[in-house]
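Below you'll find the structure, written out as structure tokens, and then a few comments.
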Amino acid sequence: MRTPADTLVLLLAGGVGSRLNILVKTRAKPAVPFAGIYRIIDFSLSNVMNSGMSQVGVLTQYKPLSLMRHLGTGEPWDFTGRTRGVKILPPSTGFKDADWYRGTADAIRQNVSFIKAHPSKEVVILSGDHIYQM
Numbered sequence: 000m001r002t003p004a005d006t007l008v009l010l011l012a013g014g015v016g017s018r019l020n021i022l023v024k025t026r027a028k029p030a031v032p033f034a035g036i037y038r039i040i041d042f043s044l045s046n047v048m049n050s051g052m053s054q055v056g057v058l059t060q061y062k063p064l065s066l067m068r069h070l071g072t073g074e075p076w077d078f079t080g081r082t083r084g085v086k087i088l089p090p091s092t093g094f095k096d097a098d099w100y101r102g103t104a105d106a107i108r109q110n111v112s113f114i115k116a117h118p119s120k121e122v123v124i125l126s127g128d129h130i131y132q133m
């Protein structure tokens, strides 16, 4: 029987978020502060951990530096350890036929090798720029 811990999560966190205007001038939409102490992506990461899933790939693209700094090793969400982890997955650049992600399907396609290298049989794809409770 499969458990949530055996599930790989891909968190989409690469959108521009242009409707947020000045808030995304220097950061990715998932890295925008919320309620003074959180970032938008914190809600998705907390939902993932509270659901028992512990392997996360974060697909970044637009202005990823503040998001990468915020995520660090994943320690604030207890994603550190032998069977847990957060992996930053930027677009493949510098290779033939490599380019920025051209949408959700392309982001997943560019990371098929990451998915195949993971022992999970199930993959959950979630948005990293929405505020919700699972």
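So for the sequence shown, numbering that gives the first Met the number 0 puts the first residue at 0; every next one is plus one. Note that beta-carbon positions come from the ideal geometry of N, C-alpha and C, so glycine has one too.
Inset, instruction - Count the other CB atoms, across all protein chains shown, that sit within 10 Å of the CB of L64; report buried if there are 16 or more and exposed otherwise. - result: exposed
Legend entry - Beta-carbon proximity list for M0, same chain, < 7 Å, skipping 5 on both sides: Only weak support is given to the placement of M0: the predicted model assigns it a pLDDT of 49, under 50, and the value that follows is read from those uncertain coordinates. Around M0: no qualifying Cβ.
Inset, instruction - Inspect the CB distances between the region 17 to 36 and the region 71 to 80 and report whether three or more fall short of 8 Å. - result: no
Inset, instruction - To the nearest angstrom, report how far apart A34 and I130 are at their CA atoms. - result: 12 Å
Inset, instruction - In angstroms with no decimal places, state the Cα-to-Cα distance between I21 and V31. - result: 10 Å
Legend entry - Residues that R38 bridges to, as DSSP identifies them: P32
Inset, instruction - With a cut-off of 8 Å on the beta carbons, I'd call L10 and S43 a contact; round off their distance for me. - result: 6 Å
Inset, instruction - Keeping to the same chain, check which residues put their C-beta closer than 6 Å to that of E121; ignore five residues upstream and five downstream. - result: T6
Legend entry - Assigned exposure category for M52 - 16 Cβ within 10 Å defines buried: buried
Legend entry - DSSP-derived helix/strand/coil call for A12: strand
Legend entry - Given R81 as reference, the closest of Q54, K62, D98 once Cα atoms are compared: Q54
Legend entry - Distance between G13 and P3 (C-alpha atoms, nearest Å): 25 Å
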